[in-house]
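Structure record follows, encoded as structure tokens.
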Amino acid sequence: MGILIDEKTKVIVQGITGRDGSFHARQMKEYGTKIVAGVTPGRGGEKEDGVLVFDSVKEAKEATGANCSVIYVPPAFAADAIYEAADSGLPLVVCITEGIPAFDMLKVYHYLKTTKTRLVGPNCPGLITPGKCKVGIMPAQIHTEGPVGVVSRSGTLTYEVVYNLTQSGIGQSTAIGIGGDPVIGTDFVDVLALFEKDKQTKAIVLIGEIGGTDEERAAAFIKAEVSKPVVAFIAGQTAPPGKRMGHAGAIISGGSGTAAEKIETFRKVGVPVASTPAEIPALVERALGKSKKVKISVVAAKPKKRLPAMKTRAAKGRSFKKTPAWAAKGRRKR
Numbered sequence: 232m233g234i235l236i237d238e239k240t241k242v243i244v245q246g247i248t249g250r251d252g253s254f255h256a257r258q259m260k261e262y263g264t265k266i267v268a269g270v271t272p273g274r275g276g277e278k279e280d281g282v283l284v285f286d287s288v289k290e291a292k293e294a295t296g297a298n299c300s301v302i303y304v305p306p307a308f309a310a311d312a313i314y315e316a317a318d319s320g321l322p323l324v325v326c327i328t329e330g331i332p333a334f335d336m337l338k339v340y341h342y343l344k345t346t347k348t349r350l351v352g353p354n355c356p357g358l359i360t361p362g363k364c365k366v367g368i369m370p371a372q373i374h375t376e377g378p379v380g381v382v383s384r385s386g387t388l389t390y391e392v393v394y395n396l397t398q399s400g401i402g403q404s405t406a407i408g409i410g411g412d413p414v415i416g417t418d419f420v421d422v423l424a425l426f427e428k429d430k431q432t433k434a435i436v437l438i439g440e441i442g443g444t445d446e447e448r449a450a451a452f453i454k455a456e457v458s459k460p461v462v463a464f465i466a467g468q469t470a471p472p473g474k475r476m477g478h479a480g481a482i483i484s485g486g487s488g489t490a491a492e493k494i495e496t497f498r499k500v501g502v503p504v505a506s507t508p509a510e511i512p513a514l515v516e517r518a519l520g521k522s523k524k525v526k527i528s529v530v531a532a533k534p535k536k537r538l539p540a541m542k543t544r545a546a547k548g549r550s551f552k553k554t555p556a557w558a559a560k561g562r563r564k565r
């Protein structure tokens with residue numbers, strides 16, 4: 232069954248005549264997704280790989296009965312593209328575009344609260360229900376149909392975890408990337424609620440990262456509302472405070488939002504946290520009851536900094552004296 236999309240989903244591609252839009256429209260179409268129209272203002276009437284292009288989302292929706300849009304337009308126009316899709320009454324909009332200004336997304340976020348449109352993203356890889364439908368840029372070949380729902384703030388980590396699950400013989404109900412920006416549409420709590428109701432989903436993998444409080448809110452929701460087993464992984468365990476790590480929202484500020492805090496929060500509500508993505512399949516197998524005897528190392532410790540011997544001695548005001556081993560190493564280099 233999966234969540235949000237299935238084999239009946241009809242998709243409009245906003246920005247289909249651009250480089251990214253045309254490439255991924257073709258990939259989605261080859262996977263079996265029903266791409267019913269494209270939208271590029273001023274290009275109405277043209278065709279892109281056999282898909283008819285319209286000047287507006289409203290025209291495309293009225294002509295095709297579409298119920299989903301995926302956006303590949305540049306950041307300067309992406310917010311307007313979301314407004315247009317919502318005003319056309321589309322229930323699901325997936326925005327792949329990266330680099331939309333946070334202030335623009337803040338206005339979009341509050342506007343969408345007045346509509347019936349759900350936004351996934353921006354700055355996300357989209358979602359896939361294996362064997363039925365793919366909306367976005369996820370590599371379809373690594374996915375297989377199964378009982379595990381995957382939700383993640385990171386695109387590439389989603390791929391890595393899904394690949395490990397598939398290699399272990401564990402399929403996915405739906406894999407969804409919610410995006411790594413500070414302001415996004417659908418968050419962890421929204422997706423957990425959908426997976427909880429989904430009959431195909433028997434266990435959930437949550438991939439979080441440093442920064443913000445989404446993981447803490449997800450942990451509270453899991454404790455109160457989720458009956459299915461959840462396995463987590465937190466990226467950025469060695470990230471220094473004040474330095475952004477990849478995503479715009481992945482930053483430890485004011486001493487909060489650290490990986491150690493998030494891991495501890497999940498542990499308190501009974502969610503096992505993997506130390507690496509490769510450990511996730513074993514934790515999921517145990518959650519599904521397939522391998523109760525598997526031994527897993529669950530982590531919660533803060534990363535320890537260890538200075539090299541030379542720097543440690545310098546910090547103590549001592550002069551460094553070469554050991555016989557260092558002296559031999561120097562002679563070998565010369």
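In this text, residue positions in the sequence shown follow the working numbering: the first is 232, and each later residue adds one.
Even for Gly, the Cβ is constructed at its ideal location relative to N, Cα and C.
Values in this document were obtained by computation on a predicted structure and should not be read as measured data.
Does the Cβ of residue i have 16 or more other Cβ atoms within 10 Å, making it buried, or fewer, making it exposed?
i, result
"L423", "buried"
"Q372", "exposed"
"H341", "exposed"
"D237", "exposed"
"L538", "Summary for L538: the model assigns pLDDT 41, below 50, so the residue's position carries little reliability, and this model does not support an answer."
"K365", "buried"
"A256", "buried"
"L337", "exposed"
"G330", "exposed"
"M369", "buried"
"P305", "exposed"
"M232", "exposed"
"V530", "Low confidence applies here, because V530 scores a pLDDT of 41, under 50, leaving its location unreliable and the question unanswered by this model."
"F254", "exposed"
"G561", "Low confidence applies here, because G561 scores a pLDDT of 48, under 50, leaving its location unreliable; read the following figure in that light. Counting Cβ neighbours within 10 Å, G561 comes out exposed, since fewer than 16 surround it."
"T387", "exposed"
Please state whether DSSP places residue i in a helix, a strand or coil.
i, result
"G362", "coil"
"V431", "According to the sequence as given, residue 431 is Gln; it is not Val. Coil, per DSSP."
"V339", "helix"
"L396", "helix"
"G442", "coil"
"G386", "helix"
"G233", "coil"
"E329", "coil"
"K344", "coil"
"E391", "helix"
"G367", "strand"
"E447", "helix"
"V420", "helix"
Let me make sure I understand the geometry here. Which of the options has the alpha-carbon closest to that of residue i?
i, options, result
"P272", "V244, M259, G357 and Y262", "V244"
"R448", "K499, Q398 and E329", "K499"
"V462", "K265, L514 and D280", "L514"
"G443", "M232, T264 and D412", "D412"
"V204", "K430, G352, T417 and I435", "A query on residue 204 cannot be resolved here, the shown segment of the chain reaching from 232 to 565 and no further."
"S458", "I302, I401, V502 and P370", "V502"
"F426", "I453, I441, G380 and I401", "G380"
"K289", "I441, G281, D280 and S300", "S300"
With a CB to CB cut of under 8 Å and the five nearest residues on each side skipped, what residues in its chain are close to residue i?
i, result
"V284", "I247, T248, A268, G269, V270, T271, R274, G275, G276, E277 and K278"
"T496", "E446, E447 and A450"
"E456", "L423, A424 and E427"
Only counting the same chain, and skipping five residues up and downstream in sequence, which positions put a Cβ closer than 6 Å to that of residue i?
i, result
"V339", "A310 and I313"
"I465", "G439, A490, K493 and I494"
"S383", "T389, G408 and I438"
"E391", "P508"
"D335", "A310"
"S399", "P512"
"V414", "A333, M336, L337 and Y340"
Sort out for me which residues DSSP pairs residue i with in a bridge.
i, result
"A406", "I359 and V381"
"S300", "I243 and V324"
"I266", "V242"
"V504", "A463"
"R349", "L323"
"E376", "Q403"
Sorted by chain position, which residues of the same chain lie with C-beta nearer than 7 Å to residue i's C-beta, five sequence neighbours on each side aside?
i, result
"E291", "According to the sequence provided, residue 291 is Ala. The question's Glu does not apply to it. Once the five neighbours on either side are set aside, the close Cβ partners of A291 are I243, A268, V270, F285 and A297."
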